[in-house]
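Below is one structure, written out as structure tokens; the observations come after it.
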């Protein structure tokens, strides 16, 4: 059973601080990794994707991947109240028959 | 607007009703998906269509019936649902069939379904 694990939270972070969201996955064949943001009552929105070990930066967001440890994280710098949402980690293998597996999500609350 | 449009946004139906959810994507994607999202559960994949052909049915009860007339449109026909079927139903599309390739999924805004 392929699984993606996330701490459900809520994770409370003061405004302006760095929010760190973590995710582990069970399938060593995983090749593609995604972070989705989902506001309450809305649909998930893709905010970051990463495929190689190391860091990938996009504005205030940094995704970090460590395939040896089967670990992917998302850092949000200078956290804003508008970052308050649930963040879903998603993982996919590159095999044609494989699909994206989602974690349950981590609820992030930025404290003004 | 993500390029994936779902209607209706909200739906309340009785257990004896028949209704349909509609999804349309304007992204030129080749695969479309139906997901169910219930409180405190991960997204549950229901159906996958690749180039209009159903490639996966994730043990979904027969009271849910998908239809994909072309690569841009996807329907979910509902009949004799149960209260536990109340959830957010999300449509998604991806450029590459299965696995989302390197691009992930683009989700529609979802239909909030309440079965009474």
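Chains as they are written, first to last, in this note's numbering: chain A, 1 to 112; chain B, 113 to 228.
We treat Cβ as the ideally placed atom computed from N, Cα and C, and that holds for glycine.
Closer than 7 Å to chain A by CB, residue i
{"i": "residue 150 of chain B", "result": "no"}
{"i": "residue 154 of chain B", "result": "yes"}
{"i": "residue 216 of chain B", "result": "yes"}
{"i": "residue 221 of chain B", "result": "yes"}
{"i": "residue 225 of chain B", "result": "no"}
{"i": "residue 188 of chain B", "result": "no"}
{"i": "residue 193 of chain B", "result": "no"}
Integer-rounded CB distance, given that residue j should sit under 8 Å from residue i
{"i": "residue 74 of chain A", "j": "residue 63 of chain A", "result": "6 Å"}
{"i": "residue 31 of chain A", "j": "residue 90 of chain A", "result": "Going by Cβ atoms, the distance from residue 31 of chain A to residue 90 of chain A rounds to 12 Å, so no, they are not a contact pair."}
{"i": "residue 227 of chain B", "j": "residue 195 of chain B", "result": "5 Å"}
{"i": "residue 108 of chain A", "j": "residue 83 of chain A", "result": "6 Å"}
{"i": "residue 163 of chain B", "j": "residue 129 of chain B", "result": "Rounded, the Cβ-Cβ distance is 32 Å, inconsistent with contact."}
{"i": "residue 50 of chain A", "j": "residue 65 of chain A", "result": "5 Å"}
The beta strand (DSSP E) enclosing residue i, as first and last residue numbers
{"i": "residue 114 of chain B", "result": "From DSSP, residue 114 of chain B is part of no beta strand (DSSP E); its letter is neither H nor E."}
{"i": "residue 55 of chain A", "result": "54-58"}
{"i": "residue 224 of chain B", "result": "223-227"}
{"i": "residue 66 of chain A", "result": "61-66"}
{"i": "residue 156 of chain B", "result": "156-162"}
Environment of residue i [buried if 16+ CB atoms lie within 10 Å]
{"i": "residue 103 of chain A", "result": "buried"}
{"i": "residue 197 of chain B", "result": "buried"}
{"i": "residue 126 of chain B", "result": "exposed"}
{"i": "residue 124 of chain B", "result": "exposed"}
{"i": "residue 116 of chain B", "result": "buried"}
{"i": "residue 81 of chain A", "result": "exposed"}
{"i": "residue 37 of chain A", "result": "buried"}
{"i": "residue 173 of chain B", "result": "exposed"}
{"i": "residue 152 of chain B", "result": "exposed"}
{"i": "residue 218 of chain B", "result": "buried"}
Bridge partners - residue i, DSSP secondary structure assignment
{"i": "residue 192 of chain B", "result": "BP columns for residue 192 of chain B are empty, so no partner."}
{"i": "residue 202 of chain B", "result": "B:147"}
{"i": "residue 106 of chain A", "result": "A:87"}
{"i": "residue 22 of chain A", "result": "A:73"}
{"i": "residue 131 of chain B", "result": "B:190"}
Short CB-CB distance (under 7 Å) between residue i and chain B
{"i": "residue 113 of chain A", "result": "The requested residue 113 of chain A does not occur in the structure, where chain A is confined to residues 1 to 112."}
{"i": "residue 44 of chain A", "result": "yes"}
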